[in-house]
Each structure stands twice: as structure tokens, then as C-alpha cells.
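Notes to accompany the following structure.
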Amino acid sequence: MAEATSIVWLRRDLRLADNPALEFAASHADTVIPLFIWDLDEEGGWSPGEASRWWLHHSLTALDDSLAERGSKLVIRSGNPHEIIADLVDSTGAALVTWNRRYEPAAIEQDRRIKEALKSAGCEVRSFNGSLLREPWEIETGQGEPYKVFTPFWKSLRANLGDVEPYAAPDTVPAPESWPDSMQVDDLNLLPAINWDADFHDAWTPGEAGAQQRLDEFLASRMANYDEMRDRPDRAGTSELSAHLHFGEITPRQIYAEVNHSNLNGRTRKSADVFLSEVGWREFAHHLLYHFPETTDQPLREQFERFPWGNSESALQAWQKGQTGYPIVDAGMRQLWAIGWMHNRVRMIVGSFLTKDLLQPWQQGSKWFWDTLVDADLANNTLGWQWVAGCGADASPFFRVFNPVLQGEKFDPDGEYVRRWVPELADLPNKWIHKPWAASDQVLADAGVTLGETYPEPIVDHSEARKAALAAYNEFKGG
Ligand SMILES: Cc1cc2nc3c(=O)[nH]c(=O)nc-3n(C[C@H](O)[C@H](O)[C@H](O)COP(=O)(O)OP(=O)(O)OC[C@H]3O[C@@H](n4cnc5c(N)ncnc54)[C@H](O)[C@@H]3O)c2cc1C
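Under full-length UniProt numbering, the first residue of the sequence shown is numbered 1, with each subsequent residue one higher.
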């Protein structure tokens, strides 16, 4: 039955295609009001960081433009969603409100309250799965428990997936006769007051079209070698879709369907499956966040609450600024600062360095990433940091300490990644690019490097730091 007016509340689903909440509203109501609410209070202490806000600004602009092409627009408000939606339902006479679900603890609680209030006011409310292959509660172990190990989780999810057929974008989004008041995207003041985002513009095209273009490029030129290239920060080997996925400009269902519709031979099929399993880690992260919501701040493995983390502001700052004296660590941290993104292999290296070489709590790392990543995502970031620190599900054991020199030599063999992000080392020969302190005075002088002046001396000795980390671990295990 058609309803007069519907409101589609858009959050992490800033797209028109494969959007079940929009699809339902457009096919069940005469008019649709697309609504975005900027709300800082309801994010449970995880309001978007500076880099995410930059992305959000441009993503909202792109969405508003796409809606305009279909005779519609985005209604933008700022404040408490509960009050704003109730007010809009009242003023527009909307009989239906739809949204796609979120899985962060604060969002789940907020959605529950809003749904209850709208229903008791007589309004129909429909929520949908718009950002995962399967809902977190749909996959469980044989004992009816959440999974804590990735491989059986992913196997079970794939076995239960069935056909994946994303929705096309609606041709038109029927507009109301008169539009409710709306702010402009600019009014939200999401862009930085000082100009630190110059490199972001070159690196990214937020919005649905930019996401689709990334996926097309990935399928055409990167996917076939993804399994071999995904660990190489010096090569463009991964999809770079993470921020697009976070903001819901593209869905895992679209990715899954497009990967499987491509004509894949044996070798490419294998590589495609490795890629899909990374998308599977995103599913796993959401599964864990849903079932263990406290893990955003607390270790999943509770005994790690007693771990003797250090508290060194100067070590933390050297890490944040990319001034540790370990080139692969510094390159990663500077890439993060420059473009709001860091290669996955390097995220693991800098994470290991912070938590093991510097013995700083993983929560410090997750907070810094939260503020600086364009793809900052509560589920993925929590999983990543708990994995690195050895305290999460299916995590790398704490005693596996990454050696930043060997990691650099293995995954950035010609030092191209370091040269790009740590230009003061660019003229060092390959042999020394990952360990400048070991080069002779002559080699350093020829490359224009003066340790302690143009580039820092290592802030810790890795082998000593490793021993200290293992000692702390053994003490904590025995304690
Ligand atoms: C310490 C740490 C923190 C991290 N924080 C985040 C974060 O805040 N947001 C985020 O999206 N990813 C995070 N990751 C996971 C991963 O590093 C990024 O998703 C990946 O680097 C994004 O690049 P891509 O899109 O080219 O990935 P691809 O290799 O092309 O993978 C495709 C997609 O799969 C998903 N994915 C890939 N690897 C992982 C993973 N390990 N865990 C969960 N999902 C994954 C992402 O959505 C990604 O876009 C973190 C990893 C670590 C080690």
C-alpha cells in the first residue's frame, strides 16, 4: 500500500544504488524525503575525527548532487536525531521512516529508542541491512555462539550467502510538493579551519561515482595480482575502497556481485577469493563489535587488562609525527598524515611498533587512527588494534614482534615507499634505506643525511625493545 510521505534517514549509506532503505521508501511511498542528521552527541565518544569529517563533507555534496539529478535533494539538519525525526514526521505528515542499520553500540541503542518512539506515535518504521553481506547475528557457531576465529566464520558466511543481487539506483526519487527546511553541507563546518588537506584532494574522490570508479579500476588492473601485491606498500595493489565502504558509498554486496560476475580464470579466481576474504574481515569485525561492544576500549581477552603498558608522551608523539628513526614506521605515519590512509601491511608494522617496541597501550593507537584515517571505522579499527596488540579475536600473539627493518626490506625491497614519504632519506642506497643508523658516515654524507639532525636516531633499539616487551609479557602472563 502506498504511503503519502516517507523519510529515509541516511547515515553510513551515502549512495543511491543497492540502498534497501531508499528502495523500500521509493517503492512504498508517493514522496521521499532523504534526510541526513549531523549529530555529535550520539556517537558514544567516537564522533568522526578530522579526516573522516573531510570525507563526509565531500560525500554529502556528491550525494546531494546525485539526488538533484533525480529531481530530489538531501535535507540536512544538525542536532538530536530523536527530536529532528519526530519533528519532521510531524511537520511533513510522513507515515513511514526507513533507514539502514548501523552496528556501533551507541547507534544500536539510539535506533532502538527512535524506533520505539515512532512506532508508538503511529508511524511505520523499517530498518534494513545496507552495509554487510550478512547480519552479525545471522552467523553463529554450532554451539550457537559468536565466532572468534575468522576462517570458520567466513566459511560459514559464504556457505549461507546464496545469490547476491544488488538493487539498481532508482531512476527518480519522488519529491514532496514543498521541501522542509535544510542546512547546506557547508553549514556543518566539516572542513578543516587550517589547510592541511591539500593531498587529500589528489588522493581521493569521495562519493558513489568515485567508489564505483575505484572498484572498476581494481577489477580491471589490480585484482588479478591482489594475492601477491596486497602486502606491498610500494605498489598500488589493493582496492583503496575502505573509506568508500565505511561511508556506504558502495556495498560489500555490490563488490561481491561484481567480483563474481567478472569472467575469472583459475589464477584470477584465487586472487579474487583472497580479496573477498579481506572484505570478509570487515564482516568479521562487525560481527565482533556487535557481540562484544565493550571491545572498542577494552581488550577482548580480559587478562590483557592487567598488561603493564607504559605511558610515555614523548614516545607517543614521535610515533604520531613519524619521527621514530625507523623509516618504514615513519613512512607509514607520514602517509597517514598526508592522505588519511595507510597501507594495511604498514598499519600492522606501526601498530606492532607502538604496542611492543614502545609498549604504549593499543587504545592510544586506535584513537590516533580514529582522528587521522579517512576510513576510520569503529569495527575495523578495533579489530585491527586488538589484532596487533595480541588481545583480540584471532589475533597475532603478543610475542610475535615485527622487526621494522626486516619488514621494510621484505615488503618495500627497493625502498620506494620510504623514499616517497620520508624524502630526507631518498638518496640513501637500498642497502641502508631501512636502517640508516647502520650506514657509514660516508654513505650518510653522500646521501645528505645527518642522523639526529635531518632524520632522527632510532628512539629505541629494536632488539632491546623486543626483549623488554617479551619480559613485560612473561611477567604479565605469570602474574
Ligand atoms: C591497526 C589497524 C587499524 C585498522 N583500522 C581500520 C579502520 O579504521 N578502517 C578500515 O576500514 N580498516 C582498518 N584496518 C584494516 C585495513 O588496514 C584496511 O581496511 C585496508 O588497509 C584498507 O585498504 P584497501 O581498501 O585498499 O583494502 P583491500 O585490501 O582492498 O581490502 C578490501 C576491503 O576489505 C576490508 N578489509 C581489508 N582488510 C581488513 C582488515 N584487516 N580488517 C577489516 N576489514 C578489512 C576493507 O573494507 C577494505 O576496503 C586496520 C588495520 C590495522 C592493522
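Cβ coordinates follow ideal geometry from the N, Cα and C atoms, glycine included. Note that the structure is a prediction, hence the values are computed from the model and not measured.
Cβ-Cβ distance between residue i and residue j below 9 Å
{"i": "V460", "j": "L358", "result": "yes"}
{"i": "L10", "j": "P34", "result": "yes"}
{"i": "S52", "j": "V374", "result": "yes"}
{"i": "L60", "j": "L74", "result": "yes"}
{"i": "A211", "j": "H261", "result": "no"}
{"i": "F369", "j": "W385", "result": "yes"}
{"i": "A169", "j": "S27", "result": "no"}
{"i": "R158", "j": "R230", "result": "no"}
{"i": "N430", "j": "D414", "result": "yes"}
{"i": "G322", "j": "G332", "result": "yes"}
{"i": "F307", "j": "F476", "result": "yes"}
{"i": "A25", "j": "L96", "result": "yes"}
{"i": "residue 481", "j": "Y290", "result": "The displayed coordinates of the chain run from 1 to 479. Any statement about residue 481 would go beyond what the structure contains."}
{"i": "V164", "j": "R282", "result": "no"}
DSSP-derived helix/strand/coil call for residue i
{"i": "Y455", "result": "strand"}
{"i": "D377", "result": "coil"}
{"i": "S277", "result": "helix"}
{"i": "V329", "result": "helix"}
{"i": "T238", "result": "coil"}
{"i": "L288", "result": "helix"}
{"i": "S205", "result": "Here residue 205 turns out to be Thr, not Ser, going by the sequence shown. Looking at T205 - three-state DSSP - the assignment turns out to be coil, as it is neither helix nor strand."}
{"i": "A86", "result": "helix"}
{"i": "R77", "result": "strand"}
{"i": "H462", "result": "helix"}
{"i": "A389", "result": "helix"}
{"i": "A29", "result": "strand"}
{"i": "L96", "result": "strand"}
Nearest-angstrom Cα separation, counted from residue j out to residue i
{"i": "M1", "j": "I7", "result": "Low local confidence applies: a pLDDT of 43 at M1 is under 50, so the model's placement there is unreliable, with the coordinate-based value given in what follows. Roughly 16 Å separates the two Cα atoms."}
{"i": "A94", "j": "R113", "result": "18 Å"}
{"i": "V149", "j": "D394", "result": "5 Å"}
{"i": "D297", "j": "P146", "result": "19 Å"}
{"i": "A184", "j": "A121", "result": "Here residue 184 is Gln; the residue named in the question, Ala, does not match the sequence. Spanning the two alpha carbons is a distance of roughly 29 Å."}
{"i": "W309", "j": "Q360", "result": "6 Å"}
{"i": "G207", "j": "A469", "result": "43 Å"}
{"i": "W137", "j": "T355", "result": "32 Å"}
{"i": "S156", "j": "I139", "result": "7 Å"}
{"i": "Y473", "j": "V401", "result": "11 Å"}
{"i": "V279", "j": "S131", "result": "11 Å"}
{"i": "R222", "j": "L378", "result": "27 Å"}
{"i": "R347", "j": "T295", "result": "19 Å"}
{"i": "Q364", "j": "G71", "result": "46 Å"}
{"i": "V334", "j": "H434", "result": "Looking at the sequence shown, residue 334 is not Val but Arg. So the two alpha carbons sit approximately 15 Å from each other."}
{"i": "D87", "j": "P81", "result": "10 Å"}
{"i": "S178", "j": "V32", "result": "11 Å"}
{"i": "R102", "j": "V405", "result": "40 Å"}
{"i": "A107", "j": "S182", "result": "23 Å"}
{"i": "D13", "j": "W38", "result": "14 Å"}
Rounded Cβ spacing between residue i and residue j (contact assumed at less than 8 Å)
{"i": "N380", "j": "A285", "result": "5 Å"}
{"i": "Y417", "j": "D199", "result": "Contact flag wrong, Cβ pair sits at about 16 Å."}
{"i": "T268", "j": "A224", "result": "5 Å"}
{"i": "T98", "j": "R126", "result": "5 Å"}
Buried versus exposed, by CB contacts within 10 Å (16 or more), residue i
{"i": "T92", "result": "buried"}
{"i": "residue 517", "result": "The structure shown does not extend to residue 517, since the chain spans only 1 to 479, so no value can be given for it."}
{"i": "P397", "result": "exposed"}
{"i": "V422", "result": "buried"}
{"i": "L40", "result": "exposed"}
{"i": "D325", "result": "The sequence given here has Gly at residue 325, not Asp. By the neighbour-count rule (16 or more Cβ atoms within 10 Å), G325 is buried."}
{"i": "D187", "result": "exposed"}
{"i": "A471", "result": "exposed"}
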